[in-house]
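S.K.: Quick note: to get this note's numbering, add 60 to the position in the sequence shown (first position is 1).
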Amino acid sequence: MTASPVLWTLDERGVATVTLNRPEVNNAYDGALIAGVLAAMDDLGKKPNLRVVVLRGTASISRPAPT
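1) What beta strand (DSSP E) runs, 3 residues minimum, are completely inside the region 68 to 92?
2) Hey, quick one: how far does the beta strand (DSSP E) through R111 stretch, first residue to last?
3) Use the C-beta contact count for A100: other C-beta atoms within 10 angstroms, 16 or more gives buried, fewer gives exposed.
4) Please report the Cβ distance between L67 and L104, rounded to the nearest whole angstrom; I am assuming they are in contact, meaning their Cβ atoms lie under 8 Å.
5) Please name the residue in D102, R116, T79 whose C-alpha comes closest to that of A63.
Written out as structure tokens, the structure reads:
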């Protein structure tokens with residue numbers, strides 16, 4: 061089973077953490093990652109207690125462009 065390319069949590073303070081979860085390719089963007097980020101933002105946008113979103117990656121580096 062493949063792990064989700066994007067994970068998110070929302071704490072009691074309204075702080076959401078969206079994690080890019082493709083460390084094997086240094087979080088390089090692909091269709092699944094972009095779709096996952098958009099889905100996470102859609103889900104989080106429906107949360108009335110959301111105050112801020114922190115975007116992070118699981119890899120030591122992230123690539124800002126498709127490979």
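C-beta: ideal position from N, C-alpha, C; glycine also.
M.R.: Well, looking at it:
1) Along the region 68 to 92, the beta strand (DSSP E) occurs as fully enclosed runs of 3 or more residues at 75 to 80, listed in sequence order.
2) Mapped onto the sequence shown, residue 111 falls at position 51. Counting along the chain, R111 falls outside any beta strand (DSSP E), and DSSP gives it neither H nor E.
3) For the purposes of this step, residue 100 is taken as residue 40 along the sequence shown, with counting starting at 1. The residue is buried, with at least 16 neighbouring Cβ atoms inside 10 Å.
4) Mapped onto the sequence shown, residue 67 falls at position 7. Mapped onto the sequence shown, residue 104 falls at position 44. With a Cβ gap of about 12 Å, L67 and L104 do not count as contacting.
5) Within the sequence shown, numbered from 1, the residue matching residue 63 stands at position 3. That would be T79, whose Cα lies nearest to the Cα of A63.
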